[in-house]
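Report on one structure; see the data block that follows.
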Amino acid sequence: MRRIVEAGLAAVLAFALYSLLMRISITLPILLNVFSLTVVYFAVREGEIFGAVFGMACGMIQDAFSLGVFGVAGIAKTLTGYLAGAVSRRIDITPLSRNLVFHSLLFSMELLVWMLLYGLIFRQPVSMGRGLIFFQPFMTALAASALFKFLVRWNTRRMGRS
Amino acid sequence: MPSFLKRNQNLVVLTLLLLFQMILISLQVPLGVEESAFEKGLFAVLAPVQHGIASGIRGLRGFWTNYFDLRRVQDINRRLETEALRLRQENRLLKAALDRFRSDEDLNRLFEEIGAAVIPCRIIGMDLGYPYKSLTINKGSVDGVRRNMTVLSGDGNLVGRIIGTVTFRESRVQLVTDNQSGISVSGPEGSPLGILSGFAERDGFCRLNYILTTSSDELAPGDTLTTTGFDGIYLPGIRVGYVVSVSTDSDLFKDILVKPYFDLTKTDRLAIIGMETSDIF
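Protein chains in written order, with the numbering used here: chain C, 4 to 165; chain U, 44 to 324.
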């Protein structure tokens, strides 16, 4: 129950952060996908099923506040959550370089799935944000790796104290 | 069978989740149908978060700007007094001009209606998928907001229209820069007529469609486009944007790039016009 409450709070926090970034600058949310970051964090921590369900929830929040078809971001984030959980159980993603590659590939796959679904449903080109959208996987991966490193250090320090 | 399901439990759950969302997508075909209750519910639950963030930012900004603005207030006040005087004169002249065509009673009723029909509002959120598609504003059905009402910026330029997902306190606005939008517009002399839509390949820009390359009507960079009202949604005579470039390279239609006057990054206050074309004209 605790982890569901935590995930719910994290989703609301991600939504708030996303809205805040958008108010600061329109380009910031194009570069950094806060929802994907949250999904991957919980998927790595709790496993693929939790990741997939949480991915679906976050994707649906994104879709509800976006003009378009409800479920497109949901599918992309469900796959991201599932893959993040499944792959992180099989390979060690603790080294920073491996962590960065893991996140970059994951977010690139998510962007690709989203673009494919969007193109298929709307039969129109996806808005590219003047090409900035192609930096999104790497920028989000950088943020995810930094967060991962920070949490590992924080947990180690906390364990050392106790 | 159960052992197979047990062995591949994770994949089965993933497949079910994907299937559920695919069904959800297929239920929304054809595009443009009403949002589901689920989507509306999700919107209603989370919209107050956006409300809070917008208020917080506004408060912080207000504190910062109030301090510095205090020194410029006198200057601005003087300018506003002059502007108000000019507008009062203009208003009087317009009333006099209208007076020739209608009775006093009709005119008074019209002015009262127009005044009451303007609903001021603020932006509380932007589209989470692509910022140039839609906005969330802080006025909803309780404030008299209805679908298809025209939304203008503070300086009277077209922003978009109210679309679905109107809750009690929040509404969603489809922007002129959305590539799914379609606005009937015309050039400076009332022609050529065309349909203006958002241009997905260039953020914040629009494209004027269906002007034949053989058309004799000339549009030049800098020309202002205004709404015609023929689409039955937008009120006529509202400034939308100006022509940036005109190309006749394609076979059938001219390629006309338009920059809307409304700037998403510089606007916070908007006005909803709670009237329909037939109410005024």
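Idealized CB from N, CA, C, for every residue including glycine.
Spatial neighbours of Met142(C) in its own chain (CB-CB distance under 7 Å, excluding positions within 5 residues in sequence) are listed in chain order as Leu34, Leu35.
Here Gln52(U) is exposed. Its C-beta has fewer than 16 other C-beta atoms within 10 Å. For Thr81(C), the enclosing alpha helix (DSSP H) starts and ends at 75-93.
Interface with chain C (8 Å Cβ-Cβ cutoff): Glu82(U) is included. For the stretch 69-88 of chain C, residues whose beta-carbon sits nearer than 8 Å to a beta-carbon of chain U comprise Ser69, Leu70, Gly71, Val72, Phe73, Gly74, Val75, Ala76, Gly77, Ile78, Thr81, Leu82, Tyr85. Per DSSP, Ala80(U) is one residue of the alpha helix (DSSP H) stretching across 80-112. Pairing Thr83(C) with Leu120(C) gives a Cβ-Cβ distance that is not under 8 Å.
Contact annotation: the stretch 95-104 of chain U does not touch the stretch 96-116 of chain C, with fewer than three C-beta pairs closer than 8 Å. Membership of Thr143(C) in the alpha helix (DSSP H) is indicated by the continuous run 139-164. Around the beta carbon of Arg5(C), a 10 Å sphere encloses fewer than 16 other beta carbons of the protein chains shown; the residue is thus reported as exposed. Any Cβ of chain U closer than 8 Å to the Cβ of Gln139(C) would place that residue at the interface, and such an atom is absent. In its chain, beyond the 5 residues on either side, Gly230, Pro231, Tyr285, Val286 have a beta carbon closer than 7 Å to the beta carbon of Asp266(U). Any Cβ of chain C closer than 8 Å to the Cβ of Pro264(U) would place that residue at the interface, and such an atom is absent.
Remark: C-beta atoms of Val283(U) and Ile226(U) approach each other more closely than 8 Å. In this structure, DSSP gives Asp149(U) a helical state, which the three-state scheme calls helix.
In chain order, Met25 make up the part of chain C whose C-beta sits under 7 Å from the C-beta of Met169(U).
Note on Met192(U): 16 or more other CB atoms within 10 angstroms of its CB, so buried under the neighbour-count rule. Boundaries of the alpha helix (DSSP H) harbouring Gln52(U): 52-70, taken from the DSSP string.
The stretch 146-156 of chain C and the stretch 53-73 of chain U do not touch, with fewer than 3 CB-CB distances between them shorter than 8 Å.
Apart from the 5 residues on each side of it in sequence, Arg92(C) sits with its Cβ closer than 8 Å to the Cβ of Gly50, Glu51 in its chain, given in chain order. Where Tyr44(C) is concerned, the enclosing alpha helix (DSSP H) starts and stops at 37-49. In the pairwise beta carbon analysis, the stretch 286-306 of chain U is classified as not touching the stretch 167-185 of chain U: fewer than three pairs are separated by under 8 Å. When DSSP states are grouped into helix, strand and coil, Gly54(C) belongs to the helix group.
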